[in-house]
Structure formats: structure tokens, C-alpha cells
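Below: the structure, in C-alpha cells.
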Amino acid sequence: MAEPGSPLAQLADISEPELVLGFALAPIWWLLIAALALALFYLALRVYRRRCYFAPKRQALLLLEQIHHSGDDATQINQLIKRVLRHYQPTHPALSMDSKHWQQWLATQCTVALPDLTGLLYQRDDNNEAKSAFYLFAKAWLSGYQAKAPLPTSKAEVKHA
2 MAEPGSPLAQ
12 LADISEPELV
22 LGFALAPIWW
32 LLIAALALAL
42 FYLALRVYRR
52 RCYFAPKRQA
62 LLLLEQIHHS
72 GDDATQINQL
82 IKRVLRHYQP
92 THPALSMDSK
102 HWQQWLATQC
112 TVALPDLTGL
122 LYQRDDNNEA
132 KSAFYLFAKA
142 WLSGYQAKAP
152 LPTSKAEVKH
162 A
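The numbering of the sequence shown is the working numbering, which starts it at 2 and goes up by one.
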């Protein structure tokens with residue numbers, strides 16, 4: 002009739018299921034993870050290429066600061082602008098313009114006032130206001146330059162178009 006032991010001794014142990022360590026995702030999740038990894042790789046590659054592409058522009062901005070702090074003349078700033086334009090657009094027609102047309106073309110590229118380049122580049126008087134204005138113009142032009150300077154248009158070309 003009644004067994005002499007405690008009722009707890011008669012209970013069977015609860016067996017836990019085995020811990021599954023190799024949790025397998027569904028194939029669609031692996032596909033989604035692969036697509037996200039490829040998208041991140043593509044994005045990182047694009048950012049890296051863009052950074053490498055604009056490295057000369059960043060270097061030119063650093064060189065512009067060095068030129069400004071050393072107190073050198075405006076011809077080096079003008080040469081720096083032309084070097085950047087030549088690097089990104091080697092066949093740009095503005096590179097072969099005379100100083101008058103070069104100044105007109107530069108003035109259309111940026112909203113910052115451009116001083117008279119003829120006086121700055123070809124005369125040796127120390128006009129510090131004009132030099133600092135040209136430095137500010139060059140800094141604004143280099144900062145805003147996206148390696149796609151528009152082609153110069155003359156009034157004669159517009160009439161024939």
C-alpha cells in the first residue's frame with residue numbers, strides 16, 4: 002500500500018534538451034547578410050576612392066596656407082590654382098588664356114571678390130590688401146572646386162550658338 006519512502010524520491014528528474022550551439026540561420030538571412038556586407042564594402046570603396054581623388058585638392062589647400070604664412074607673392078598662389086586646374090582638367094581652355102581672360106574666367110568661378118591680377122602678378126609693389134584678398138579668393142575657389150570647372154564662354158561663342 003503505502004511505500005515507505007518520501008514522495009520526492011519517486012519523482013523522475015526533468016531532462017533538459019541539449020544546448021544547440023550550431024544555430025543555423027535560414028538561407029534568406031545569409032543572403033541578406035552577404036548583401037549588406039557587399040553594400041558596406043562598396044560604400045567604403047567609394048569613400049576611399051573619393052578621398053584619394055580629392056587628395057591633391059586638400060594638399061593644395063595646405064600649400065596655400067604655407068604660402069600665405071610665409072608671405073610669398075601672389076604668383077605662387079596663381080600657379081597653385083593653375084596646377085590644381087591642370088591636375089583635374091588637363092585640357093581646360095582656361096589654362097592657356099592670357100592674364101586678362103584668366104582673371105575674367107576666375108572672377109566668374111567664385112563669389113569672393115578677385116583683386117586685379119595684373120598688378121599683383123606683374124608689379125613688385127607690396128600691396129598686402131590685394132594679396133590677402135587674392136589669398137581669400139584662392140581659398141574659397143579651392144574649397145568650392147569640385148574638379149569640374151565650367152568651360153569659358155565668350156560673347157562671340159554665345160552669338161553663334
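Using N, Cα and C, we set each Cβ at its ideal position, and we do this for glycine too.
Beta-carbon spacing of leucine 137, asparagine 79 below 9 Å: No, the Cβ-Cβ distance between leucine 137 and asparagine 79 is not below 9 Å.
Valine 21, buried or exposed, once every other Cβ within 10 Å from all chains shown has been counted against 16: A residue is called buried once 16 or more other Cβ atoms fall within 10 Å of its Cβ, and valine 21, having fewer, is exposed.
Distance between alanine 150 and asparagine 1 (C-alpha atoms, nearest Å): Only positions 2 to 162 of the chain appear in the structure, and residue 1 is not among them; the question remains open.
Reduced DSSP category for serine 16 - H, G, I as helix; E, B as strand; rest coil: Looking at serine 16 - three-state DSSP - the assignment turns out to be coil, as it is neither helix nor strand.
Candidates Leu12, Ser71, Tyr43 and Thr154, of which the one nearest proline 94 by Cα: Selected option, being the one with the closest Cα: Thr154.
The stretch 33-41 / the stretch 53-61 touching (three or more Cβ pairs under 8 Å): Cβ pair count under 8 Å is below three, so no.
Whole alpha helix (DSSP H) elements within the stretch 39-93, 4-residue minimum: With a minimum length of 4 residues, the unbroken runs of alpha helix (DSSP H) contained wholly in the stretch 39-93 fall at 56-71 and 75-89.
Sub-9 Å separation of isoleucine 82 and leucine 44 beta-carbons: Here isoleucine 82 is not near leucine 44, since their CB atoms are 9 Å or more apart.
Nearest residue (CA-CA) to lysine 101, options Pro91, Gln90, Leu115 and Tyr89: It is Leu115.
Nonlocal neighbours in the same chain, by C-beta distance under 7 Å from glycine 6, ignoring five residues either side: Here glycine 6 has no same chain residue with a Cβ atom under 7 Å from its own Cβ, once five neighbours each way along the sequence are excluded.
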